[in-house]
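Structure first, then comments.
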Amino acid sequence: MASTSSSTPAAEVEERGRKRKRADGPEPAAGAEARPSKWRTRREHEIYSSKLFEAIRLVRAGPSTSGAAGPPRCRAVREAADRALAVAARGRTHWSRAILASSRRRIHAVRRARLRAPASPSPRHDAATSASASTSATGEGASTPPLVRSARVLGRLVPGGRSLPFPTLLEETTDYIAALEMQIRAMTALAEALSAISTTTTSSSSGAGSSS
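Residue numbers for the sequence shown follow the working numbering, beginning at 36 and rising by one.
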């Protein structure tokens, strides 16, 4: 009787522990905390929106880029949006690091172009480049497995994805698509806000003119 009464509390404690584990759910897998954060959270949307607004403000405040030394204004805005997206990713992904590295190379190229007049490529060079590109496009041939061809196309679409193994490329693609979806939502909201401000300013100006 004594042994039965002494073992009952231990069994109850063990049973409570099992119930608590079932209620808490499965433990997170190892390395889960190192995965990129979810782009669908409100916090990530706010962080990117602020960085996007600042990047576009700097582009609009800068000198006109219609000359040969820099890209057109619309392209500069798009590059600024992508650069802000990579900054918001905090370098935790291959695609964000590739965008930041490409931006640094582009900035250096623009600075070099401002120091000297850019030499226009010869038509013969353009023809050779297009011919080699078409040859490589058709040269993949039917001997390449469809999965390999799909991985190559995917690697060209995702920044920095050309040299990644296929499982890593799939993870990068999933994160990059989620980031682009968040970018579209943020740019749409910013465009709507700027449009509302412009409409309000126009209405106020027209009202003041008619009253005078």
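Beta carbons: idealized from backbone N, C-alpha and C, even for Gly. Since the model is a prediction, treat every value here as computed from it, not as a measurement.
Can you tell me whether Arg75 is helix, strand or coil according to DSSP?
Coil at Arg75, not helix or strand.
I'd like the span of the alpha helix (DSSP H) that includes Pro181, first residue to last.
Annotation for Pro181: the continuous alpha helix (DSSP H) segment containing it runs Pro181 to Leu192.
Length of the line joining the Cα atoms of Phe201 and Val188:
Taking the straight line joining both Cα atoms gives about 12 Å.
Could you check what DSSP says for Arg127 in three-state terms: helix, strand or coil?
In the structure shown, the three-state DSSP call for Arg127 is coil.
Could you name the residues of the same chain whose beta carbon sits closer than 7 Å to that of Ala119, not counting the 5 residues immediately before and after it, in chain order?
Tyr83, Lys86, Leu87 and Ala90, listed in sequence order.
How would you label Arg198, buried or exposed, when you count the other beta carbons within 10 angstroms and need 16 or more for buried?
At residue 198 the sequence reads Ser, which differs from the Arg that was named. Under the 10 Å beta carbon count, Ser198 is surrounded by fewer than 16 other beta carbons and is classified as exposed.
Is Arg197 helix, strand or coil when you go by DSSP?
Here Arg197 sits in coil by DSSP.
Taking the C-alpha atoms as reference points, what is the distance between Arg250 and Thr234?
The chain is shown only over 36 to 247; residue 250 falls outside these bounds and no answer can be derived.
Rounded to whole angstroms, what is the Cα-Cα separation between Ala224 and Glu114?
Going from the Cα of Ala224 to the Cα of Glu114 covers about 18 Å.
DSSP three-state label for Ser239, please.
Looking at Ser239 - three-state DSSP - the assignment turns out to be helix.
Cα-Cα, which of Thr237, Ala213 and Thr179 is closest to Trp130?
In this structure, Ala213 is the residue among Thr237, Ala213 and Thr179 with its C-alpha nearest to the C-alpha of Trp130.
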